[in-house]
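All remarks here apply to the structure that follows.
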Amino acid sequence: MRAFAVEFKADPLLISAPVNTDAYNERLLAAARLAGFRAEIYGTVGKTALPVLVRASGGTGAPEIYLSAGVHGNEPAGPMALLELLRRRAFPEGLNYVLFPLVNPIGLTAGTRENGDGIDLNRDYGFAARSAETRAQLAWIGKKCFDLVICLHEDDDGEGFYLYAHFEEPAPHDYPALALEAAEPWTGIDPREEIDDMPARAGLMSPPESVLTRERTDLPEALRLHFHHGARFTFTTETPSRLNLTNRIGAQCAVVSAILNTFADDW
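Right under this line is the structure:
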């Protein structure tokens, strides 16, 4: 595994309360251009644009990679980690990327889990999406399929890093183990044996069969992509919100980097 070192000073415009989403988007788009990503605006919320970043560095037939962050507005480490990864040009060649770096900008500004209409976007990926953010995102995705999905999240109750993982075929590497190893120096590993009413062990959770229902109206993002967009491997990262933001960003960067670099090597 290739280590990822985070040596940066937090940007006061981005970690202030409320977060300046215009400043974030400005920095994001500048970093994306330098990293070879094309930006498209797939929707707007109020006066705030919703960008998606695309890079086809692998060409036709290469694995399709999906990353998202900021679905919950009170979880800032994910959007900041994607910005930092873009600044460092840390996305390996040979893969095709779709990045949704900040799905819920109104929630980020307000510091709320939900969007401006009080909707939890991560329970809004069924076929009757209620929120403008989710409808716009799903319209842009259309019928695209993905090989690898990583959704970046945080947990107010977290006692360390943990990971949801779901895949139905043998993987060439133990990706969950790589992710946990990468995160541990930054945040430790969550020791709980039950998280969100689901069994957990040493920071790893796998959704039980009872939640793996494709027709749920409250589908989370990762399961929507698994069931309806062919995702072979899906991971949802969770950093503990109680820790300082720099460590949480570091953990997210390290995990994404470890999975992507190994996946690219496998490919």
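Residue numbers (the working numbering): 169 to 435.
Here a beta-carbon is modelled for each residue, glycine too, at the ideal position from N, C-alpha and C.
Predicted, not measured: the structure shown is a model, and the values here were computed from it.
Quiz prompt | From Y192, T355, N412 and D315, residue whose alpha carbon lies closest to that of F329 | solution = The residue labelled residue 329 in the question sits at position 161 within the sequence shown. Residue T355 is the option with its Cα nearest to F329.
Exercise. Work out the CA separation of E194 and T216 for me, nearest whole Å.
Key: One-based indexing of the sequence shown puts residue 216 at position 48. One-based indexing of the sequence shown puts residue 194 at position 26. CA-to-CA, the gap between T216 and E194 works out to about 12 Å.
Quiz prompt | Exposed unless 16 or more other CB atoms sit within 10 angstroms - verdict on S378 | solution = Reading the sequence shown from its first residue, position 210 is the one you call residue 378. Exposed.
Quiz prompt | Inter-residue CB distance, E439 and A368 (contact presumed, cutoff 8 Å) | solution = Lying outside 169 to 435, the shown extent of the chain, residue 439 is not represented and no answer is given.
Quiz item: For the candidate residues D434, L320 and D433, whose alpha-carbon lies nearest to that of Y234?
Solution: Within the sequence shown, the letter at position 66 stands for residue 234. Per the Cα distances, L320.
Quiz item: Looking only at its own chain, which residues have a Cβ that is under 7 Å from the Cβ of A419, when we skip the five neighbours before and after it?
Solution: Locating residue 419 in the sequence shown gives position 251, where the first residue counts as 1. Same-chain partners within the cutoff: F329, A351, W354, T355 and T407.
Quiz item: Is T430 helix, strand or coil when you go by DSSP?
Solution: If you number the sequence shown from 1, residue 430 lands on position 262. If DSSP states are grouped into helix, strand and coil, T430 belongs with the helices.
Quiz item: Can you give the Cα-Cα distance for E154 and T405, rounded to whole angstroms?
Solution: Past the edges of the chain, shown from 169 to 435, lies residue 154, and the structure says nothing about it.
Quiz prompt | Buried or exposed by the 16-neighbour rule on C-beta atoms within 10 Å, applied to T189 | solution = Counting from one through the sequence shown, the residue named residue 189 turns up at place 21. Burial call: buried.
Practice problem: Take the Cβ of E252 as the centre, count every other Cβ of all protein chains shown within 10 Å, and call the residue buried at 16 or more, exposed below. | Solution: The sequence position of residue 252 within the sequence shown is 84, counting from 1. Counting Cβ neighbours within 10 Å, E252 comes out buried, since at least 16 surround it.
Self-check item: Whole-angstrom distance between F431 and S225, CA atom to CA atom
Solution: Indexing the sequence shown from 1 puts residue 225 at position 57. Indexing the sequence shown from 1 puts residue 431 at position 263. Spanning the two alpha carbons is a distance of roughly 14 Å.
Quiz item: Along the chain, where does the beta strand (DSSP E) that runs through Y332 open and close?
Solution: As a first step, residue 332 must be located in the sequence shown, where it is residue number 164. Start and end: Y330 to F335.
Quiz item: Where do the N-terminal and C-terminal ends of the beta strand (DSSP E) with I309 fall, by residue?
Solution: The residue labelled residue 309 in the question sits at position 141 within the sequence shown. In the DSSP assignment, I309 falls outside any beta strand (DSSP E) and within the unbroken alpha helix (DSSP H) covering A300 to I309.
Exercise. Tell me whether S409 sits in a helix, a strand or coil according to DSSP, three-state version.
Key: Against the sequence shown, residue 409 aligns to sequence position 241. S409 falls in the coil class under three-state DSSP.
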